[in-house]
Amino acid sequence: FPVTICRTQVYFIDNEEYFKRKHTTQDDKGKFFPDNDERAIFFARGVFETVKKLGWSPDIIHCHGWMTSLVPVYLKNLYNEDPLFQHTKVVQSLYSTDVFSESLDSNFPQKVLAEKMTQELYQPADTGYESIIIESLRYTDAVVSGLESISNSLLNAIDAAEHLNHLKVNNATNLAESVISLYEEILENSFVGQ
Numbered sequence: 007f008p009v010t011i012c013r014t015q016v017y018f019i020d021n022e023e024y025f026k027r028k029h030t031t032q033d034d035k036g037k038f039f040p041d042n043d044e045r046a047i048f049f050a051r052g053v054f055e056t057v058k059k060l061g062w063s064p065d066i067i068h069c070h071g072w073m074t075s076l077v078p079v080y081l082k083n084l085y086n087e088d089p090l091f092q093h094t095k096v097v098q099s100l101y102s103t104d105v106f107s108e109s110l111d112s113n114f115p116q117k118v119l120a121e122k123m124t125q126e127l128y129q130p131a132d133t134g135y136e137s138i139i140i141e142s143l144r145y146t147d148a149v150v151s152g153l154e155s156i157s158n159s160l161l162n163a164i165d166a167a168e169h170l171n172h173l174k175v176n177n178a179t180n181l182a183e184s185v186i187s188l189y190e191e192i193l194e195n196s197f198v199g200q
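Residues 7 to 200 in our numbering are what the sequence shown spells out, letter by letter.
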């Protein structure tokens, strides 16, 4: 009976102003935090800057939740020339429990732009949940969905994006094996294209 033990290092992206709260995206009365847009920007940029400081070159970044939706956008537009990220692929997992009905700040698309990024590179239809997810799919290599239902408009956007690999999960029984197979597939395709 072989046993494999893995050591995992975990790093937390923290900021007193943005993350020292008792709740994640809404206050105790259910009101959406007005700075959620800035929190998402800070988080995504913080992840990349931390990875750069540590000198890692990730093969895959797997994003969970709307707060990470800017990771593929920044990877493919802002960090794409950095040798650490030139071959990095992005997988997004979508969850119906992650949906919010409010809108982010109306200036969110302009706030997202940084350094060499132009407005054409980030153009969500609006600042609602589905629009920011759909816009991030332009820069995502694969999507995992299924255990919970996601909206038809998101499924249609995934189906319309020909560059996306889509893993539809029907049950959690073989989830880890399915995701590993997805990773292997997108990595194999990236090496074929080089």
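Cβ atoms here follow ideal geometry from the backbone N, Cα and C, with glycine treated the same way.
(1) Under 8 Å, with one C-beta from each stretch per pair, do the region 156 to 165 and the region 110 to 117 reach the 3-pair mark?
(2) What does DSSP give as the partner residues of Q32 in its beta bridges?
(3) Is DSSP giving K59 helix, strand or coil here?
(4) Could you give the C-beta distance for S75 and I138, rounded to a whole number, given that I count them as a contact under 8 Å?
(5) Please tell me whether D34 and W72 are closer than 8 Å, where the distance is taken between their beta carbons.
(6) Let me confirm a value: S159 is counted as buried when at least 16 other C-beta atoms fall within 10 Å, else exposed. Which label applies?
(7) Does the distance from the CB of V150 to the CB of S99 come in under 8 Å?
(8) Would V53 and S142 be called neighbours here (beta carbons separated by less than 8 Å)?
(9) Could you spell out where the alpha helix (DSSP H) holding I139 opens and where it closes?
(10) Under the rule that 16 or more other beta-carbon atoms within 10 Å means buried, what is D132, buried or exposed?
(11) Is the beta carbon of K95 sitting closer than 8 Å to the one on I66?
(12) What are the start and end residues of the alpha helix (DSSP H) that includes K117?
(13) Please identify the residue among T179, T146, H29 and E168 whose C-alpha is closest to the C-alpha of G152.
(14) Report all residues from its chain with a CB closer than 7 Å to the CB of H70; omit the five preceding and five following residues, and keep chain order.
(15) Would you grab the beta carbon distance between N171 and I186 for me? Rounded to a whole angstrom, and I think it's under 8 Å.
(16) So, under 8 Å CB-CB, D41 and Y17 are touching, yes? Tell me the CB distance rounded to an integer number of Å.
(17) Is it buried or exposed, N83, if we count other Cβ atoms within 10 angstroms and call 16 or more buried?
(18) Bridge partners for K95 per DSSP, in chain order?
(19) Rounded to a whole number of angstroms, what is the C-alpha to C-alpha distance between Q32 and Q116?
Judging by the given coordinates:
(1) Fewer than three beta-carbon pairs drawn from the region 156 to 165 and the region 110 to 117 are found closer than 8 Å, and the two stretches are therefore not classed as touching.
(2) Beta-bridge pairing by DSSP links Q32 to F38.
(3) Three-state result, K59: helix.
(4) For S75 against I138, the beta-carbon gap comes to about 5 Å, under 8 Å, which counts as contact.
(5) Between D34 and W72, the C-beta spacing is not below 8 Å.
(6) By the neighbour-count rule (16 or more Cβ atoms within 10 Å), S159 is not buried but exposed.
(7) Yes, these two residues count as a Cβ contact at 8 Å.
(8) No; because the gap between Cβ atoms is not below 8 Å, this pair is not in contact.
(9) That run of the alpha helix (DSSP H) goes Y135 to L143.
(10) Per the 10 Å Cβ criterion, exposed.
(11) Between K95 and I66, the CB-CB gap stays under 8 Å.
(12) For K117, the enclosing alpha helix (DSSP H) begins and ends at F114 to V118.
(13) Closest by C-alpha distance to G152, out of T179, T146, H29 and E168, is T179.
(14) Taken in chain order, the residues that qualify are S99.
(15) About 13 Å separates the beta carbons of N171 and I186, which is beyond the 8 Å limit, so they are not a contact pair.
(16) In this structure, D41 and Y17 do not form a Cβ contact; the two beta carbons are roughly 22 Å apart against a cut-off of 8 Å.
(17) Buried, by the Cβ-count rule.
(18) For K95, which the question treats as bridged, DSSP gives the partners I66.
(19) Straight-line spacing of the CA atoms in Q32 and Q116 works out to 23 Å.
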